[in-house]
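Chains as they are written, first to last, in the numbering used here: chain A, 1 to 501; chain B, 502 to 1002; chain C, 1003 to 1503; chain D, 1504 to 2004. Note that CB positions come from ideal geometry on N, CA and C, so glycine has one too. These figures come from a predicted structure and were not determined experimentally. First the structure, in the form of structure tokens, and then the observations on it.
Protein chains: 4
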Amino acid sequence: MTIFNSMQIAFPRTLRSLMAVATSTFCLGLYVTAPVQAQSTASAHKQVEQLVDAGAANWKQVSKEIWGYAELGYHESKSSALLQTQMKAAGFKVEAGVADEPTAFIASYGEGKPVIAILGEFDALPGLSQQTTPDREPVVANAPGHGCGHNLLGSGAALAAVSVKEYMQANHIAGTLRYYGTPAEEGGSGKVYMVRDGLFKDVDVVLHWHPGDRNGVINGGLLAVDSAKFTFHGIAAHAAMAPDRGRSALDAVMLMGTGIEFMREHIPSNSRVHYIISKGGVAPNIVPDLAQMDLMARNPSNTVLTGIWDRILKIAQGAALMTGTTLEVTGIGSDANIVGNDALAPVAQKNLEEVGGYTMDASQKEFALRLQKTLGIDTVPSLDQTDTIEPLRPVDPNAPSASTDVGDVSWVVPTIGFTTATFVPGVAAHTWQATASAGMSIGQDGMIIASKALALTAADLFTKPELVTAAKADFARKMTGKTYHSPIPVDQKPLINYRGN
Amino acid sequence: MTIFNSMQIAFPRTLRSLMAVATSTFCLGLYVTAPVQAQSTASAHKQVEQLVDAGAANWKQVSKEIWGYAELGYHESKSSALLQTQMKAAGFKVEAGVADEPTAFIASYGEGKPVIAILGEFDALPGLSQQTTPDREPVVANAPGHGCGHNLLGSGAALAAVSVKEYMQANHIAGTLRYYGTPAEEGGSGKVYMVRDGLFKDVDVVLHWHPGDRNGVINGGLLAVDSAKFTFHGIAAHAAMAPDRGRSALDAVMLMGTGIEFMREHIPSNSRVHYIISKGGVAPNIVPDLAQMDLMARNPSNTVLTGIWDRILKIAQGAALMTGTTLEVTGIGSDANIVGNDALAPVAQKNLEEVGGYTMDASQKEFALRLQKTLGIDTVPSLDQTDTIEPLRPVDPNAPSASTDVGDVSWVVPTIGFTTATFVPGVAAHTWQATASAGMSIGQDGMIIASKALALTAADLFTKPELVTAAKADFARKMTGKTYHSPIPVDQKPLINYRGN
Amino acid sequence: MTIFNSMQIAFPRTLRSLMAVATSTFCLGLYVTAPVQAQSTASAHKQVEQLVDAGAANWKQVSKEIWGYAELGYHESKSSALLQTQMKAAGFKVEAGVADEPTAFIASYGEGKPVIAILGEFDALPGLSQQTTPDREPVVANAPGHGCGHNLLGSGAALAAVSVKEYMQANHIAGTLRYYGTPAEEGGSGKVYMVRDGLFKDVDVVLHWHPGDRNGVINGGLLAVDSAKFTFHGIAAHAAMAPDRGRSALDAVMLMGTGIEFMREHIPSNSRVHYIISKGGVAPNIVPDLAQMDLMARNPSNTVLTGIWDRILKIAQGAALMTGTTLEVTGIGSDANIVGNDALAPVAQKNLEEVGGYTMDASQKEFALRLQKTLGIDTVPSLDQTDTIEPLRPVDPNAPSASTDVGDVSWVVPTIGFTTATFVPGVAAHTWQATASAGMSIGQDGMIIASKALALTAADLFTKPELVTAAKADFARKMTGKTYHSPIPVDQKPLINYRGN
Amino acid sequence: MTIFNSMQIAFPRTLRSLMAVATSTFCLGLYVTAPVQAQSTASAHKQVEQLVDAGAANWKQVSKEIWGYAELGYHESKSSALLQTQMKAAGFKVEAGVADEPTAFIASYGEGKPVIAILGEFDALPGLSQQTTPDREPVVANAPGHGCGHNLLGSGAALAAVSVKEYMQANHIAGTLRYYGTPAEEGGSGKVYMVRDGLFKDVDVVLHWHPGDRNGVINGGLLAVDSAKFTFHGIAAHAAMAPDRGRSALDAVMLMGTGIEFMREHIPSNSRVHYIISKGGVAPNIVPDLAQMDLMARNPSNTVLTGIWDRILKIAQGAALMTGTTLEVTGIGSDANIVGNDALAPVAQKNLEEVGGYTMDASQKEFALRLQKTLGIDTVPSLDQTDTIEPLRPVDPNAPSASTDVGDVSWVVPTIGFTTATFVPGVAAHTWQATASAGMSIGQDGMIIASKALALTAADLFTKPELVTAAKADFARKMTGKTYHSPIPVDQKPLINYRGN
């Protein structure tokens, strides 16, 4: 997830926008009218939480090893292998290399309906290498680091899966449990290809989580995002001797950028379009015959984004027309916005509140206070934030937000998620402070909260078929009149070297 | 002619570039090997010059009346009527309103071959009203004025035609003499429609002249020019409430302009592209649904200009594509560059040298010296400049220059021209100082030089058929591999209100 | 008020954002704990409503006459004179031509404290002339029209004032009642100069209203706006002969515009910046030595807007620096955002609910349904909308909105306002449909709702001193740490000809 | 010399513009009135040519070794070392590492006046590695290659110096002869630092040459060039979460570029400004806090260029102002235009004509014809071009051209130069075809022509003091009212890693 919880200080609505509201009396009624079931739920939940606690030490260690590997998207070979080994050891069958992604895999247990899936990620971010110290000290300068906490994400989700499997086995509960090892979330749209290949076709409900600096339910929100590289091809010429013979690809990139700037006023304010010039010419005395813009566009709504994307393509075509150059669009990536589920949200919220937060010990607090001093933010949140659970709130479509390829999954399967306080309060994702947090006990303690909430919710779904039914009904309602379509071309394979090209 | 002689101080090559060089040994030989004819030429020339002197007073007065009318392009009704009346009185047949231009006319005398045509113009320029005083004093503030001296142009050319007619009549010389009353040279491309309507189809040689601040032959040069209004249509919207619903036509104009700027590096350096934003929105709180650019492009070569014009159209289309607006191109104007004639040039040069310049009298000099003080130029040329004749020189394709619709005529008929010192030396066309000069004796004295040079050359053409033959041969050679094509659409009528729209 | 209620269909939060929420238990408590006073209030309210009904016919007629005058900002001489005459006839003292504005006036009645003011506007909008027909039929093509309903605004507010005066007189109630005739709301910032001249210094509470297409309280919101003309001065030159000698003022305007476009991404999303090019050069063959941008910038917060305005000035300076031109900033206008008042809002809401809406009769409904067909909007609201009162809601800082110079008044005096359904539901302000509505019975019936709500609230303020005290306390709280400062230069007189220059 | 002879096919005036014209009757008279001296000159010249022939084989081999090294500017350690070794072996004293340039050196012989200097270069160009084959076959893909023939330049100049030394020694001729080993001509401005350090202070005349595809004298011309890296520093921010907190350095670069484009119309047409975006942001989801433009500006006149450079700096400052970023200008490079010498030019011309060209043998012709097929040019020049000598012509200030740091030397010492046909006719410098030519016999044969012309001219200067006097007089005349000033900051050391930064 691209910078999931950053900026929450400055924009207090940010995180709140990711929380869901319970409005359906049907769902609330569910609990009120089923006291007997609720009682057995309490006992089941206790068992599940104990199973998570039993596995905690091992999976904290796994998270730490993946933190050390810090592998970039689609190149997470060691991280993926470690997770696969662990899942096999825990009794899961593993299918690796799915969806043309070398590091993707599906670990599964059980059979029949329902099919409940838990998502795991494990890719790192470039340049965020950092030791587990409260001051800026890279392990290796400019090397990748787990600044989005995906080492915790993949491990915590696996711990949930393993615990639920133990619980199912112990209680002879039917159904299929899957753990999806999903690579390259950070810009590689790894899950989109898995969706495209039909790997979620028979799944009934998807559960996910993401590291953050507070505890809450993720029920919809985030931004749909499309991205691509726009490469222009012109004609080189000596810029002093014969500039009139050249057709500048850089001119095209600059005019495309200018066209984008002029478009900003005329798209909805809650859209985002941002770009870099990834190739801007080789030498000033040569008219550039090749130049490239690397661009992303976002909007809370996939549908609105599609309209904006079409206009961006026209701007690119216009720039080519203006400059006598030709346009090539490659490396198309896309994440949909997350579709919330108002049947699952109150269940998830109840489970998270049941688990509760955690309280830092003295040494964690000392670390946290020192780290907060490096943040340079106006209002530093209290450390107590790790103890509390955010209430459900409706998504604010104008709140600043980021993007994730979980979005695409949520367009094809009912989906609900959590965020937990794995980062020192005030720390934004995609920072070295997040890398530091994700490699030490604060991150690991927060991870266990997520594992438990996921495991409890999965257990509920396996034991209460009406929950799955309600989730599907809400999903069907939300999808009425909508279709899921990814702009990633059907013949485009996963861009294994997307970071290097 | 658009700013014919301006800037000659700063760019000493400017004027020289308009002068022709005699390189053809054929032409030079013509005079050497025909002494008898040369002798009779001397006598003929004497007669022609006397006829011009006899008509001078009347036509100076005509020039002064047209100076007073100061009518804008296509609206020169009084000026045209006066010239027609005068030509009829002198024995010419007049056909008026040709080529769908109310103020265009052709006055003709005689019949059969050869057909020799002299061009006359009579339109004024907006905002250049000025009394015949050496200080800035408009007759009417912001009113039009003859800042390009076309009052002299039309009158001096008519005097030449009338004198040649007298000479032909007196000497029973066969052939057809025509005077073309051509409106709207200043941006209206009046002659282009006359060319399009075939009015020059049977003409053998065209003669023309233009006021300036020195005496010389115009043998080719000047810039081909294309112009148009680019109007974009968008969608209005309240700019504060719903800017995302608007599609800004002003954005399109600005992106088109920016596209033009990026093109500059990649067209030949001696091109010119310039524009204004003639409509830029109505109110800042409304997304403009209409905006307009008024643009001109120039190059010494019609062919090169055609390529540039195509690219400008693509830039405009690109701007529309980028902004979701639609494009309308209207008011297309076009003047070709002047094609020189190396057979006629030495004849014209010899005749102009035969006529010689003129010397200002004391009061003219006093006026001239006072006027020069208002010019604000570094090097003020000597007043003796009116006495001398510039030598023939090849055209410099990089010299700053302007445009005229005489160019289009020169692409279909062999053409040669003169410039004479009608403006105080140092005065550029399109200034109030030029208006002042063109309304008083300095302009009128310079005009007589032109009348004589034109008349002598016409007389030569009527009496020496080999000259016409040589002119046609040179024309054929220059046109090899070229075709004349005006970008003005065939269904576009003359833009009678081009200044007001 | 610039397009107050437009777009409410597409953006259902728009209008709601203008409504206030009652959160103060103090205020709510006020009514609960004062039953006796409430009883007498009922009788007083009845009397006030009857007084409004008694004056209704006359003031509907006044509104119709001003609708017919349709005078532009600062030139509302007939409209202002009619209102002054009426107020004098009703027993008010009138001071005219205040604040250097020929059409501004203050009508006052009574003396001593409290001082309660009601605001009236009466300027029309260019180009919106329209008959009272449901199809587009201008009275005079392109002439001004009351597309913002200020003919109703000024008349309805006056009717309220006259009724309250009758009530005060009848009941010997002390205090000062004022009606402010405020010109040029539409872009002229008329009230800002009145604030600057101290005309609101002794006022305790200000009441206002604005035509719309539904009924509700205006408690804060709208956008602060700054505007100015940015004129660049360059050096003219012939664009073909010597473009290198020119310094293009149009280049500066275009670069300033481009700079603005690049800034958009880096200001808060709920800001607005929009501009036209009001002067874009005179002729394409002259490098423009003068060009002008007319620009407005808006943000929900005056403070944020000040920061944006500073950056816009730097962009303009940068454009001058880039092009070798000089910059002149003139015609500065500014409206602040509206500061809400949470003590007054529940009182206003209660009164509006007491008045209630109105139900269209058959002919009104027929007219309304036909007019709605011309709107071209997706979801056409029900005509029942005129019957209902919107609940109080907090302002949404991201909702599309417009601006008004009432804002500046609200920064110096506690202020509360109403909007009522004077336009056919679905009709946006600043449209010909609004002009049509404002000239016929629908507009007039809606106006009476506003008159009553204003009069009831004024009566409350005169009879319940604790209300004034609470209003001032809330105002003081909101202003803590803030200062009001208008960017309009202190030596700038009202721009009487702002529309023509 | 940056692309010295390219494009000569398309622009026939290009090369001609580099040739000088003999207009001074003084110089012509010199030869006419000094027959005795001319006679002894003939004998001296014969001796000098024989000395060159004697050294030819060795120096062809040196040129081939340097061709193999193909070292980039300031890193020509092997090439410089080889040349130093050779010069020492030939009896020169060598001072190495001058002007803070590790690979610069001065080899000198003799003492006293006059001091005559010959310039040598030896740096290669990136990406132009090519075998000596007529088809594209790099030695090492993307590696540097001698595409400007500086391997020949340095060796041929050294051969001239060594031959003149032998001649001086043999004839007991007094004076000081120097060979300047000048690194990094290609963009490193190596000679500018040598000029700055006063290394040419006591030199009387400088001689130079440059490989090309025809034979002629270089008497002035080429373009003055200034270059720099414009780095903008902004504020990074997450582009989706908080773009309003960012200040984009890329925006600044794009606005600077756009400002440059708008300036083009308003600088003299024969100027050149070209740039690339060398740093355009790191990731599209981060507002770039660093971006960089690498820019060059050129004009035939150093003085005009200074004015343009000042405007470019203002554009950069304007872009910073517009975007809230800061500007850093580094890596400033500069070459002046070449000042011709009309006293030396006819001497050089006479000597070159005396040497004459060379005729390709059959195998050279076969190679040349095959290579010409790869050129893709419209008109392929005849191979006879190597046999002929171009006449002296005045420099055309509008002809396309390139730049060299020889220019700066020519602003402080009288300078004259040659170009000879070392590249297959039609081959432009800075191409793989030039690398191929420079590595085989065609390049080597052309080099010997240059060595002889240089040696003859140096011999003349040592034996005819009046020539040095005349050269100095012409230099003094040309410099009247001018001063040499390089924009390279006095505290900027040579940019040893200019290619890598």
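Looking at the structure shown, is residue i part of a helix, part of a strand, or coil, going by DSSP?
i	result
residue 1323/C	helix
residue 1548/D	helix
residue 466/B	What is shown of chain B runs 502 to 1002, which leaves residue 466/B out entirely.
residue 904/B	coil
residue 540/B	Reliability fails at residue 540/B, whose pLDDT of 43 lies under 50, so the model's placement of it is uncertain and the value that follows must be treated cautiously. Residue 540/B: helix per DSSP, three-state reduction.
residue 420/A	strand
residue 1894/D	coil
Using a threshold of 8 Å, state whether the C-beta atoms of residue i and residue j are closer than that.
i	j	result
residue 443/A	residue 451/A	no
residue 824/B	residue 773/B	no
residue 1337/C	residue 1409/C	yes
residue 124/A	residue 72/A	yes
residue 657/B	residue 948/B	yes
residue 1761/D	residue 1257/C	yes
Got a sec, what are the start and stop residues for the alpha helix (DSSP H) residue i sits in?
i	result
residue 1168/C	1152–1173
residue 1348/C	1346–1357
residue 554/A	Residue 554/A is absent from the model: chain A starts at 1 and stops at 501.
Is residue i near the ligand HEM, judged by its Cβ being under 7 Å from some heavy atom?
i	result
residue 1862/D	In terms of ligand content, the structure shown is empty, and the ligand HEM therefore cannot be addressed.
Residue i versus chain B: which residues are under 9 Å apart at the beta carbon?
i	result
residue 265/A	740, 744, 745, 747, 749, 752 and 788
So which residues of chain A does residue i contact, with C-beta pairs closer than 8 Å?
i	result
residue 1730/D	284
Name the chain B residues that come within less than 7 Å of residue i, Cβ to Cβ?
i	result
residue 1277/C	785
residue 1296/C	785
Tell me which residue opens and which closes the beta strand (DSSP E) that residue i is part of.
i	result
residue 1228/C	1226–1235
residue 298/A	290–299
Residues of chain A with CB closer than 7 Å to the CB of residue i, please, in chain order.
i	result
residue 756/B	258, 259 and 262
Which residues in chain D sit within 9 Å of residue i, going by Cβ to Cβ distance?
i	result
residue 214/A	Going along chain D, no residue has its Cβ under 9 Å from residue 214/A, so there is no contact; the nearest lies around 16 Å.
Quick one: list the residues of chain A neighbouring residue i, beta-carbon separation under 9 Å, in chain order.
i	result
residue 1726/D	240
Fill in: Near-chain C residues of the region 384–408 of chain A - C-beta to any C-beta below 7 Å
398
Contact list for the region 795–810 of chain B against chain A, Cβ threshold 7 Å:
none
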